[in-house]
Amino acid sequence: MSQTEHAEVDFASAQDLPALHELLEHVQMKNGWAKPTPSLYPQPKQVFVPAHWRYRDARAALHAAGRLVGTEWAERRNLIMANPIPGNDYATVRTLVGAYQMIKGHEAARSHRHTPNAMRIVLEGAPNMYTVVDGVKIPMLAGDILLTPNGCYHGHLSESDQEGYWIDFLDAPLVQHLGPMFFEVHPDTLERAERVDARSPMRFAYAEYRPRLLESAEIAPGVRTLELGPPQLVTFDRVVLHLAAGTQWSCARSTANRIFTVIEGEGVTRVAGREFHWRTGDMLALPSWYEYRLDASSDALLLRVSDEPLLRMLDWYRVDGTATQ
Ligand code: GTQ
Ligand code: FE2
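The numbering used here numbers the first residue of the sequence shown as 1 and each following residue consecutively.
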């Protein structure tokens, strides 16, 4: 191209709309009056679908991967719960990804840091299994919830004979959309750490939050909820739910995207005409703008992770079409 990027386009010569539309192509513009797809619409168009993944399958696949995938070369031995929609190979719901991860006994997953915020819930842990966050060893016991916020170095280490299994949650799909992705490995591979801190603010111990949840008041018959934090992550929250056996809990649709994990118990989620029968360790994707019902067949403890704080911050949190703040 010379100094002018394109020749002058003679819009005055357009005799009809198709001719005008064609001329617009020369100046890299699109008409806004006859778009094939509307840019604004009356309510959310959800492309992500509700989905369910079984821990039984994930565990067997990760155990097999233990023979085939080494943490010397793989950053993480993890399985991504990609929402089963065409063209998607990562996000579980639009802003969040959930993944199962395993480390073998006496194995380490090297330290790194990244701009996505991350959190884990331990499915199978041990007293001498740790996430190392900024040089501190944080115990990973079953049910524990651990934070590794934006920019904190973190690696995983088993000083146990047992395999460790957990679920990771990251806001990486959101970071990919917005752009500010940074990732860096630690210069020491696994960050050196001596000190164990079971009371780190980055750890919500199962032994501490479970009784606190059970002592809290019911918000609906048979339903108790407890939001964990501070500390908070900017983009997603964590709420533990207890449903007494036989409870049916209907949830209105909202603009928040959610991933559920079953900490204990069994039940059914009914959504969009489907039934997902879940048990301990399973994951469920509940994208925004789907109403759903949780039925507990035994006492059940669930973790609900959602981008509600992000939507609230942006003033886009709505429940069932009302302007709920
Ligand atoms: O453990 O640091 O599942 O960085 C995806 C990205 C886990 C982790 C994942 C990660 C991690
Ligand atoms: Fe990470």
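Just so it is clear, CB atoms sit at the ideal spot from N, CA and C, and this is done for glycine as well. Everything numeric in this text was worked out from a predicted model, so none of it was measured.
I need the DSSP call for residue i, collapsed to helix, strand or coil.
i    : result
L147 : strand
R312 : helix
D57  : helix
V47  : coil
V175 : helix
P127 : strand
A118 : strand
R113 : strand
R67  : helix
A300 : strand
A108 : strand
P139 : strand
H6   : coil
E264 : strand
Q325 : Note that Q325 scores 38 on pLDDT, short of 50, meaning its location in the model is unreliable; the coordinates nonetheless yield the value given after this. Q325: coil per DSSP, three-state reduction.
L228 : coil
H26  : coil
L20  : helix
Look at residue i and residue j and say whether their C-beta atoms are less than 9 Å apart.
i    : j    : result
R85  : I121 : Residue 85 is actually Ile in this sequence, not Arg. Contact flag unset, no.
L228 : T269 : no
E266 : S297 : yes
R288 : S254 : The amino acid occupying residue 288 in the given sequence is Ser; Arg does not appear at that position. Their beta carbons are under 9 Å apart, which means S288 touches S254 by this criterion.
E184 : H106 : no
F48  : A285 : yes
L302 : T247 : no
A256 : P50  : no
H112 : E75  : yes
A82  : A91  : yes
A109 : G155 : yes
V305 : R238 : yes
K137 : E208 : no
L307 : L96  : A small fix is needed here, since residue 307 is Asp in this sequence, not Leu. In this structure, L96 lies closer than 9 Å to D307 by Cβ.
G125 : P116 : no
F236 : D144 : no
M157 : V132 : Strictly speaking, residue 157 in this sequence is Leu, with Met absent from that position. A contact, by the Cβ cut-off of 9 Å.
D299 : A244 : yes
F169 : A118 : yes
V93  : P38  : no
R56  : A65  : no
M129 : V234 : no
R210 : V240 : yes
S13  : A19  : yes
Pull the bridge partners of residue i from the DSSP assignment, please.
i    : result
R270 : E275 and R293
R258 : L286 and S306
C251 : Y292
D89  : According to DSSP, which records beta bridges pairwise, D89 is partnered with nothing at all.
Q101 : N78 and W166
H154 : H112 and V133
L241 : T225 and L302
Open item on the list: Just to confirm the assignment: which complete alpha helix (DSSP H) runs, minimum length 4, are found wholly within the region 174 to 226?
Closed with: The region 174 to 226 is shown to contain whole alpha helix (DSSP H) runs of 4 or more residues at 206 to 215, in chain order.
- [ ] Report all residues for which the CB-ligand distance to some heavy atom of the ligand GTQ is below 5 Å; order them along the chain.
- [x] Taking every residue with its beta carbon within less than 5 Å of a heavy atom belonging to the ligand GTQ gives, in chain order, R76, N78, A99 and D168.
Open item on the list: Using only Cβ atoms and a threshold of 6 Å, which residues come within that distance of a heavy atom of the ligand FE2? Order them by chain position.
Closed with: In chain order, the hits are H112, H114, A118 and H154.
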